[in-house]
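A short write-up of the structure that comes next.
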Amino acid sequence: MTFRYALTLPAAGANKIARFKAWSKAHTPEMAFSLPPQVPVESTSLTVRLRSVDDRVDLQKRFPETLP
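So for the sequence shown, the numbering used here puts the first residue at 41; every next one is plus one.
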């Protein structure tokens, strides 16, 4: 599977990858993505790699709606 498209999402704090996986499982279970192996705690973003432009647009639309 090739993940050619990237989307950078705002994410602060620790456990960004685990939190994104939990969010994705609840809100976009059908979407395939690739995450980096680790992200520094100091970083304020998370880059998600996606298979298509449509997945990128869909994730971009869904992500802000579920933020507290």
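From the three backbone atoms N, C-alpha and C, an ideal C-beta is built for every residue, glycine too.
- An exposed status is given to Ser74, since fewer than 16 other beta-carbon atoms sit within 10 Å of its beta-carbon.
- The three-state secondary structure of Arg44, taken from DSSP, is coil.
- Put simply, the backbone Cα of Gly53 is about 8 Å away from that of Ser83.
- Bridge pairing for Arg89: Ala46 and Ser74 [DSSP].
- Contact check for Leu90 against Val79 fails: the beta carbons are separated by 8 Å or more.
- DSSP places Ser83 outside any alpha helix (DSSP H), giving it a letter other than H or E.
- Annotation: the continuous alpha helix (DSSP H) that includes Ala58 extends over Lys56 to His67.
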